[in-house]
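Start counting the sequence shown at 1295; every next residue gets the next number (this note's numbering).
Notes follow once the structure below has been shown.
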Amino acid sequence: MDYILYEQKGAYAVLTVNREKALNALNSQVLDELGAALDGVNLDEVRCLIITGAGEKSFVAGADIGEMSTLTKAEGEAFGKKGNDVFRRIETFPIPVIAAVNGFALGGGCELAMSCDIRICSDNAVFGQPEVGLGITPGFGGTQRLARLVGAGMAKQMIYTARNIKADEACRIGLVNGVYPKEELLPAAEKMAVSIAKNAPIAVRNCKKAINDGLDASMEEALVIEEKLFGGCFETEDQRYGMAFFLDKNKEKVKEPFKNC
Ligand code: CAA
1295 MDYILYEQKG AYAVLTVNRE KALNALNSQV LDELGAALDG VNLDEVRCLI ITGAGEKSFV
1355 AGADIGEMST LTKAEGEAFG KKGNDVFRRI ETFPIPVIAA VNGFALGGGC ELAMSCDIRI
1415 CSDNAVFGQP EVGLGITPGF GGTQRLARLV GAGMAKQMIY TARNIKADEA CRIGLVNGVY
1475 PKEELLPAAE KMAVSIAKNA PIAVRNCKKA INDGLDASME EALVIEEKLF GGCFETEDQR
1535 YGMAFFLDKN KEKVKEPFKN C
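Written as structure tokens, this is what we have:
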């Protein structure tokens, strides 16, 4: 792969968009490689994925404007679908995905971060959907996910004005969960990944599915979704072990890692 770095570090992995000269902008090849990298994640071992960008300056500075500049209407729609398909795969990926936003997250970069389960960022991060200034709409899910994350009013303001916001404002409006000094961002993401990975994997996966699927459903349907995923945890080795561990009154006991993926 030319533009994606992937490193498994025990029970979590770090995927880096690596096109630093173009501030990690997403052309078709980067999007294809992102999809291929997801295919390559060993889900028997990896329990949490971190996505970040190469270099000091940028997470992802958007979809590639050079590539988009000559597209026809049909090609534009197909390019939007290519981005949407891979970002939807991230959103529905079986394990939690953390975006470690290490700089510019503009247009497709903000959209990539929003397809992840959890976003944290460095103090130099900048978020925005500048597309209308280029004569287009956000095309990789921005109109949908931004409104769901920060509310329709704030999303409309950001998208219509194309105004970029800094890390502290992104945190205040709920677009990111935390802001870290630049050098502390990846360690913080890794610490979070480790704390996720130590929990029962089937239960964590079922939580992701319950939250995601529930958000698209009525409360009645959502609660049925939850009941099924809750029930699905029973009779698993991890449920048996986790509960037996709690009930065991032996104070010397040491908790073993959960096994199932
Ligand atoms: N596409 C293609 N190339 C890009 C890019 C992008 N989105 N963003 C940056 N680059 C390239 C620049 O062209 C430049 O290349 P050269 O060195 O070959 O000239 C290189 O990355 C460095 O960029 P700058 O010199 O512009 O760096 P800067 O520090 O002065 O500015 C920036 C940084 C503010 C992020 C600026 O690069 C910028 O505004 N980039 C575009 C951001 C943007 O509009 N993103 C949205 C794209 S549209 C979209 O994403 C649609 C969608 O929803 C799917």
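C-beta: ideal position from N, C-alpha, C; glycine also.
For the pair Phe1353 and Ala1399, the CB atoms are nearer than the 8 Å cut-off.
Cβ neighbours of Lys1547 within its own chain (closer than 8 Å, five residues either side excluded): Phe1539.
Rounded to the nearest whole angstrom, the C-alpha separation of Glu1515 and Leu1509 is 10 Å.
DSSP places Leu1328 in the helix class (H, G or I) of the three-state scheme. At least one heavy atom of the ligand CAA falls within 7 Å of the beta-carbon of Leu1400.
For Gly1377, same chain residues with a beta-carbon under 8 Å away, outside a window of 5 residues either side, are Leu1320, Leu1325, Ala1357, Gly1402, Glu1405, Gly1433, Phe1434 and Gly1435 in chain order. Linking Met1537 to Ile1490 through their CA atoms gives a straight-line distance of about 18 Å.
For Ala1348 and Gln1302, the gap between their C-alpha atoms comes out near 16 Å.
Distances from the alpha-carbon of Lys1375 to those of Ser1322, Ala1305, Ile1505 and Gly1397 put Ser1322 closest. A direct Cα-to-Cα measurement between Leu1299 and Lys1545 gives close to 44 Å. Annotation for Ala1357 indicates a beta carbon within 7 Å of some heavy atom of the ligand CAA. With a 10 Å radius around the Cβ and a threshold of 16 neighbouring Cβ atoms, Gln1423 comes out buried.
Assignment of Tyr1474 by DSSP, reduced to helix, strand and coil, places it in the strand class. Between the region 1405–1420 and the region 1514–1529 there are fewer than three C-beta pairs closer than 8 Å, too few to call the two in contact. The C-alpha of Arg1499 is placed about 6 Å away from the C-alpha of Pro1388.
The DSSP assignment places 1359–1362 as complete runs of the alpha helix (DSSP H) inside the region 1324–1382, in order along the chain (cut-off: 4 residues). For Tyr1535, the secondary structure class from DSSP, reduced to helix, strand or coil, is helix. Distances between the C-beta of Leu1317 and the heavy atoms of the ligand CAA include at least one below 7 Å. Ranked by Cα distance from Glu1371, the first of Ile1430, Gly1334 and Met1486 is Ile1430. The three-state reading of DSSP puts Leu1320 in strand, counting E and B together. Across the structure, Phe1552 and Ala1305 are spaced so that their CA atoms are roughly 11 Å apart. Each of Asp1542, Ala1494 and Glu1529 was checked against the Cα of Asp1338, and the nearest Cα belongs to Ala1494. Straight through space, the alpha carbons of Cys1342 and Val1395 are spaced by roughly 16 Å. Look at Val1391 here: in three-state DSSP terms it is strand.
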